[in-house]
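Visitor:
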Amino acid sequence: MVTIDPCTRLKVIKTQLIPAILTSARENTTSDIKTAIELNLPSLEENCYKLAEKCEKNYPDCGKEVELCSTENIKRIFARTREELEKIWAQRKELEKKQLE
């Protein structure tokens, strides 16, 4: 089994997982995806803080290369992700409202 260092895991979360979450929110119209994202995003953020802590301990300069290795950046990126999700949900709600008219 291959172990991936915490910095690489954070890089994958930033470059692949968060964009995939936003794409899923845009493309899936079921309420299940909204619920899944709302339930899982906080735990993903919490895991990022834990990984960032490991990064800082084991790779002190990592924050210069990997954006999510900084707790401030984690807060900012997840806040921005939540804002984007809220826009997506609002647009979807507006679209559904127009379809009912």
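The sequence shown begins at 73 in the numbering used here and counts up one residue at a time.
Every residue, glycine too, gets a C-beta built ideally from N, C-alpha and C.
#1: Could you give the distance in angstroms between the alpha-carbon of residue 131 and the alpha-carbon of residue 151?
#2: Classify residue 153: buried if its beta carbon has 16 or more other beta carbons within 10 angstroms, exposed otherwise.
#3: Roughly how many whole angstroms lie between the Cα atoms of residue 129 and residue 102?
#4: Check for me: the alpha helix (DSSP H) holding residue 111 runs from which residue to which?
#5: What number of angstroms, rounded off, separates the C-alpha of residue 81 from the C-alpha of residue 161?
#6: Can you tell which of 155, 125, 173 and 109 has the C-alpha that lies nearest to the C-alpha of residue 77?
#7: According to DSSP, is residue 76 helix, strand or coil?
#8: Comparing alpha-carbon positions, which option in 110, 143, 85 and 169 lies nearest residue 158?
#9: Where does residue 84 fall in DSSP's three states?
#10: Would you report the Cα separation of residue 97 and residue 105, rounded to the nearest angstrom?
Guide: Reading it off the structure:
#1: Numbered from its first residue, the sequence shown carries residue 131 at position 59. Numbered from its first residue, the sequence shown carries residue 151 at position 79. Between residue 131 and residue 151, the C-alpha separation is close to 25 Å.
#2: Walking along the sequence shown from the start, residue 153 turns up at place 81. Looking at its Cβ environment, which holds 16 or more other Cβ atoms inside 10 Å, residue 153 is buried.
#3: As a working mapping, residue 129 is identified with position 57 in the sequence shown. As a working mapping, residue 102 is identified with position 30 in the sequence shown. Cα-Cα distance, rounded: 41 Å.
#4: Position 39 of the sequence shown, counting from 1, holds the residue named residue 111. 103-130 is the span of the alpha helix (DSSP H), which, as asked, contains residue 111.
#5: Counting from 1 along the sequence shown, the entry for residue 81 is found at position 9. Counting from 1 along the sequence shown, the entry for residue 161 is found at position 89. Going by the C-alpha atoms only, they are around 28 Å apart.
#6: Mapped onto the sequence shown, residue 77 falls at position 5. The residue with the shortest Cα to Cα distance from residue 77 is 125.
#7: Residue mapping note: residue 76 aligns to position 4 of the sequence shown, counting from 1. Residue state, collapsed to three classes: coil.
#8: Working through the sequence shown from its first residue, we reach residue 158 at position 86. Comparing Cα positions, the closest option is 110.
#9: Walking along the sequence shown from the start, residue 84 turns up at place 12. Here residue 84 sits in helix by DSSP.
#10: To locate residue 97, count along the sequence shown from 1; it is residue 25. To locate residue 105, count along the sequence shown from 1; it is residue 33. Cα to Cα, residue 97 sits roughly 7 Å from residue 105.
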